[in-house]
RNA sequence: GGUGGGGUGGCCGAGUGGUGAGGCAGCGGCCUGCAAAGCCGUAUACGCGGGUUCGAUUCCCGUCCCCACCUCCA
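Numbering (the numbering used here), first residue to last: 79 to 562.
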């Protein structure tokens, strides 16, 4: 079996063959850290986390780079707004916060969200502001090649010359002439309205900390440039995979591709894009007010259920959230965990993956089909368990654990801390009550036994009787959805 | 106007030219002192209209609707 991936650029599923045997270089767009992460960000992170895990499970060495774009218009705007006299500070946006502090604060918020969901840290996470000199070099190459020009209006801007690059639009298969006229707020010195800024001249009022001396005057980087500069710096002028959300396809990735190719770099060999997250069919957006944050999700369900939900649809599909989604995911996760708890001896040292699972993952990461295999194994394992075939059950359990590992479900931290002192104390108390209940049952005092169980249930402790005695677990959070 | 992706049973969500993934919810049964968990069984489906075919949800044509991108967006 060979891994096949859908390449957005060619619009077809292609066999994946890395540039260098056994090694995969991957760049995927992280966040422009201008606000708190929303569900779409973490969905994307989970999607690429699964890709990375699958590549590694397939034997590849993966060098994964995810950028942090820590300077852009919005970051500066939000910071500037915090100094305004009529600024209303809240817990997300304190007053008088410098742009770099704001960016760094949100960068950490992203890390917290990723970590909570068991998203592996990339190999490296470069920041845009740390790569200004690399950007200079790239701009200079583009100017030398005749594909970029300093604005003639003295603004200090440098633009990419879209008309000079005949392949412009190749990523999204659009022709420049067919594109809707973007009434750019300020055409300034552009030769074509679609020309985009590589470098933005410093404007009065912009913070001095957000300006660098360049050969074209003081200023700051344009949006798309940092990814081209950083991807090629760390992965080479040609690398295997470039990823990101579908909404980055245009203009962000189109522009990246244009500027890198025009400068002479081969750039990415495969382009992968994950689908959007919707709320009952509509794209989540702040203006509609139909957003749900990762924080809110984590307050409604365990991280593992949130991760399951975010990863369960095919990565290219739209992922629809609606009230109840997380409860369903929670039920599915508990089914898996319940089986493992009953049957798994030791964690498998080596991954034991059913062929059907491998085939599903190799087929453009068909996670829904892979999950079907996982659940089939759970069912088969439960059947074996019911028939007393412990060896068979253990085999199925090893498979299930392996599949859960590959999908990243095994690495999601438990917020309640199963190993915490609180948990241990609770366990002592519950065990004591269960001993009493067992004694009551032995005396056929079922009223007493049920009273104990009811008491525990009320406290949120679920009791399950098994041939080996009673087991207990903490009930899933069943907080209702507060949205909609 | 341009580009791309969709419309699958109560919900989510794969997939396929012909013996109807998987999850969640429902119903019946087994198990249980009763439950819970689990197992077994079970119903409801492929937007609409044509066409190709022995046979289409799957291919073709038409049509309706939805979504995304073309402006900052994972």
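C-beta: ideal position from N, C-alpha, C; glycine also.
Keep in mind the model is a prediction, meaning the values are calculated, not measured.
- Looking at the DSSP output, residue 513 sits in no beta bridge, so it has no partner there.
- For residue 130, the enclosing alpha helix (DSSP H) covers residues 117–135.
- Three or more Cβ pairs closer than 8 Å define a contact, and the stretch 223–233 meets that threshold against the stretch 328–342.
- Here residue 534 carries a helix assignment [DSSP, helix/strand/coil].
- Taking C-beta atoms as the reference points, residue 407 and residue 79 fail to come closer than 8 Å.
- Residue 471 carries a helical assignment under DSSP once its states are collapsed to helix, strand and coil.
- Partner residues in the beta bridge of residue 317, as assigned by DSSP, are 346.
- DSSP places residue 289 in the coil class of the three-state scheme, outside both helix and strand.
- The stretch 369–384 makes no contact with the stretch 127–141, as fewer than three CB pairs between them are under 8 Å.
- Taking every protein chain shown into account, the CB of residue 142 has 16 or more other CB atoms within 10 angstroms, so this residue is buried.
- Remark: C-beta atoms of residue 83 and residue 350 approach each other more closely than 8 Å.
- With 16 or more other Cβ atoms inside 10 Å of its own Cβ, residue 333 counts as buried.
- Taking a cut-off of 8 Å on C-beta distances, the stretch 173–192 touches the stretch 111–121, as three or more cross pairs fall below it.
- DSSP places residue 178 inside the alpha helix (DSSP H), whose first and last residues are 177–194.
- Counting along the chain, residue 238 sits inside the beta strand (DSSP E) bounded by residues 236–238.
- Setting aside the 5 residues that flank it on each side, residue 403 is surrounded in the same chain by 387, each with a C-beta closer than 8 Å to its C-beta; the list follows chain order.
- Counting along the chain, the unbroken beta strand (DSSP E) around residue 274 starts and ends at 274–279.
- Under DSSP, residue 284 forms no beta bridge with any residue.
- In terms of Cβ geometry, residue 526 and residue 520 do not form a close pair [threshold 8 Å].
- Scanning its chain for C-beta atoms nearer than 6 Å, with the 5 sequence neighbours on each side dropped, one finds around residue 102 the residues 96, 133, 138, 140 and 318, in chain order.
- Assignment of beta-bridge partners to residue 268 by DSSP yields no partner.
- Per DSSP, reduced to three states, the secondary structure at residue 551 is strand.
- In the structure shown, the three-state DSSP call for residue 302 is coil.
- Judged by beta-carbon spacing, residue 298 lies beyond the 8 Å limit of residue 311, meaning their Cβ atoms are not closer than that value.
- Membership of residue 338 in the alpha helix (DSSP H) is indicated by the continuous run 332–340.
- Classified as buried, residue 405 has 16 or more neighbouring CB atoms from the shown chains inside 10 Å of its CB.
- DSSP lists 357 as the bridge partner or partners of residue 360.
- A distance below 8 Å between beta-carbons, with the five flanking residues on each side excluded, links residue 326 to the following residues of its chain, in chain order: 107 and 351.
- Cβ atoms of residue 230 and residue 267 come within 8 Å of each other, at about 5 Å.
- Taking the Cβ atoms as the reference, residue 135 lies roughly 13 Å from residue 445, outside the contact range of under 8 Å.
- Cβ contact annotation for residue 451 (same chain, cutoff 8 Å, sequence separation greater than five): 432, 434, 435, 438 and 481, in chain order.
- Take the alpha-carbon of residue 287 and the one of residue 419: they are about 54 Å apart.
- Residue 254 has its alpha-carbon roughly 35 Å from the corresponding atom of residue 157.
- Non-local C-beta neighbours of residue 303 in its own chain, meaning closer than 8 Å and more than five positions away in sequence, comprise 213, 216, 217, 276, 277 and 337, ordered along the chain.
- Counted as a single uninterrupted DSSP element, the beta strand (DSSP E) harbouring residue 228 occupies residues 226–228.
- Nearest to residue 463 by alpha-carbon distance, out of 492, 105 and 416, is 416.
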